[in-house]
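Colleague:
Residue numbers (this note's numbering): 1 to 350.
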């Protein structure tokens, strides 16, 4: 695998050499200029051959550590993700939270330090100034999706003045977030008691139903403000129907074709991996890629029959447009239309 990465690096350097030979910054077409801007950055391909090989060797080692990690003989995905989504046992959740970090972060630490050093070399080689040094973090639930922060994120999103925009985005909804945080904390205090959740402190992340504290959806049986109203959690219905991964993806495909999009290709259904395979080191972070050959698109996913698995590029498209589509999917009207809700209650808040 590393040898293939190195072959690709040779190709990338040649593309970079040709792209930078043009005075592309003077181009008037913004789309063409943007394409040249992307080609004019080498990222990790700037590294010498030996360091480039080490870069990918370390990434592969971190990836293997994460994908093979277990706590009490339970895999992180999908075993522990299921437990975090459904369990209300605070002691068990804390044990699995700490155990998952011990089985991954502690073992990855030495490789990660070196990985950051090499990543910062890449940033300096690409002409980035030292006043905002690039730091590398493992994003998503595994070590495969590595995303450079700082200016490298701005480049990936094609956004200028990212820091200022980030500050405004975070600041605008902060008052609403604080109220929501206080409300959820109150509900968790009522369930677990003040010994577990401090009434005036932060929420213990392991109680939020998600192994990385990213989503607060799963404790909705506790936090729903109107518990007597209709519940739109379709997870029990999915279990009752015993829906397969293919059936769920077909339902998702029907939604997108209803928006006028094309159906997936035969290659997608033949080559995609939609359920966890019986192999030791299969990672479960969902990815979708074009194979750069006609209509050959593929997805990598570990299907679990929960509501989240019905959810649904430039990273900003995924985070913005994708979230809007997700909200469209989970309207009671649409869930009723595809048979997950028996009826739709039209409630108003007084």
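Built from N, CA and C at the ideal position, the CB exists for glycine as well.
Rounded C-beta distance between residue 188 and residue 222? I'm assuming under 8 Å.
Modeller: Sure, about 7 Å apart at Cβ, within 8 Å.
Colleague: Residue 338 and residue 246 look like a contact to me (Cβ under 8 Å); what is the Cβ gap, rounded to whole Å?
Modeller: So it is not a contact: roughly 16 Å between Cβ atoms.
Colleague: Let me know if residue 50 comes out buried or exposed under the rule of 16 or more other beta-carbons within 10 Å of its beta-carbon.
Modeller: Looking at its Cβ environment, which holds fewer than 16 other Cβ atoms inside 10 Å, residue 50 is exposed.
Colleague: On the criterion of 16 or more Cβ atoms from any shown chain inside 10 Å, does residue 271 qualify as buried, or is it exposed?
Modeller: Residue 271 is exposed by the Cβ-count criterion.
Colleague: My understanding is that residue 69 touches residue 196, with C-beta atoms under 8 Å, so please give their C-beta distance in whole angstroms.
Modeller: Contact doesn't hold; Cβ gap of about 26 Å is too wide.
Colleague: Please state whether DSSP places residue 353 in a helix, a strand or coil.
Modeller: Limits of the chain in this structure are 1 at one end and 350 at the other, which puts residue 353 out of reach.
Colleague: Specify the secondary structure class of residue 107 as computed by DSSP and reduced to three states.
Modeller: It is helical.
Colleague: Would you mind stating whether residue 66 and residue 80 have Cβ atoms separated by less than 8 Å?
Modeller: No, the Cβ-Cβ distance between residue 66 and residue 80 is not below 8 Å.
Colleague: In the structure shown, what three-state DSSP assignment does residue 289 receive?
Modeller: Here residue 289 sits in strand by DSSP.
Colleague: Is it the case that the Cβ atoms of residue 113 and residue 43 are separated by a distance below 8 Å?
Modeller: Cβ atoms of residue 113 and residue 43: not closer than 8 Å.
Colleague: Helix, strand or coil, according to DSSP, for residue 176 in the structure here?
Modeller: Residue 176 falls in the helix class under three-state DSSP.
Colleague: Let me check understanding here. Comparing Cα to Cα, which of 35, 225, 174, 241 lies closest to residue 18?
Modeller: If we check each option's Cα against that of residue 18, 35 comes out closest.
Colleague: Using 8 Å as the threshold, is the C-beta distance between residue 301 and residue 273 below it?
Modeller: Closer than 8 Å, so yes.
Colleague: Flag this pair as yes or no: are the beta carbons of residue 77 and residue 118 separated by less than 8 Å?
Modeller: Not closer than 8 Å, so no.
Colleague: Roughly how many angstroms separate the alpha carbons of residue 108 and residue 205, rounded to a whole number?
Modeller: Residue 108 and residue 205: Cα-Cα distance of roughly 21 Å.
Colleague: Grab me the residues of residue 185's own chain with a C-beta within less than 6 Å of its C-beta, minus the 5 sequence neighbours each way, in chain order.
Modeller: 203, listed in sequence order.
Colleague: Rounded to whole angstroms, what's the CA-CA distance from residue 351 to residue 335? Just pull it up for me.
Modeller: This structure does not reach residue 351, given that the chain is present from 1 up to 350, and the question cannot be answered.
Colleague: Whole angstroms are fine: how far does the CA of residue 258 sit from the CA of residue 266?
Modeller: Distance between the alpha carbons of residue 266 and residue 258: 19 Å.
Colleague: Around the C-beta of residue 210, are 16 or more other C-beta atoms found within 10 angstroms, so that it is buried, or is it exposed?
Modeller: That one is buried.
Colleague: Buried or exposed: residue 75, going by 16 or more other Cβ atoms within 10 Å of its Cβ?
Modeller: Residue 75 comes out buried.
Colleague: Buried or exposed, going by whether 16 or more other CB atoms sit within 10 Å of the CB of residue 85?
Modeller: So residue 85 counts as buried.
Colleague: Could you give the C-beta distance for residue 249 and residue 125, rounded to a whole number, given that I count them as a contact under 8 Å?
Modeller: Not quite, the Cβ-Cβ distance comes to about 41 Å (not below 8 Å), so this is no contact.
Colleague: Could you check if residue 173 is buried or exposed, using at least 16 other CB atoms within 10 Å of its CB as the buried criterion?
Modeller: Exposed, by the Cβ-count rule.
Colleague: Leaving out five residues on either side along the sequence, give the residues of the same chain with a beta carbon under 6 Å from the beta carbon of residue 287.
Modeller: 300.
Colleague: Mind checking whether residue 59 and residue 11 have CB atoms under 8 Å apart?
Modeller: No.
Colleague: Evaluate residue 8 with the Cβ neighbour count: other Cβ atoms within 10 Å of its Cβ, from every protein chain shown; 16 or more gives buried, anything less gives exposed.
Modeller: Per the 10 Å Cβ criterion, exposed.
Colleague: Can you pull the DSSP bridge partners for residue 74?
Modeller: BP columns for residue 74 point to 71.
Colleague: Cα separation between residue 292 and residue 93?
Modeller: Each residue's alpha carbon lies about 42 Å from the other.
Colleague: Need the endpoints of the beta strand (DSSP E) that residue 298 sits in, please.
Modeller: From DSSP, the beta strand (DSSP E) with residue 298 extends over 297-300.
Colleague: When the Cα atoms are used, what is the spatial distance from residue 198 to residue 72?
Modeller: Roughly 29 Å between the two C-alpha positions.
Colleague: Taking buried to mean at least 16 other C-beta atoms within 10 Å of its own C-beta, is residue 303 buried or exposed?
Modeller: Buried is the call here.
Colleague: Exposed or buried, which one is residue 264 when buried takes at least 16 other CB atoms within 10 Å?
Modeller: With 16 or more Cβ atoms within 10 Å of its Cβ, residue 264 is classed as buried.
Colleague: Keeping to the same chain, check which residues put their C-beta closer than 6 Å to that of residue 192; ignore five residues upstream and five downstream.
Modeller: Excluding positions up to five away in sequence, the list reads 90.
Colleague: For residue 210, which three-state DSSP category applies?
Modeller: Correct three-state label for residue 210: coil.
Colleague: Taking the C-alpha atoms as reference points, what is the distance between residue 62 and residue 103?
Modeller: C-alpha separation (whole angstroms): 11 Å.
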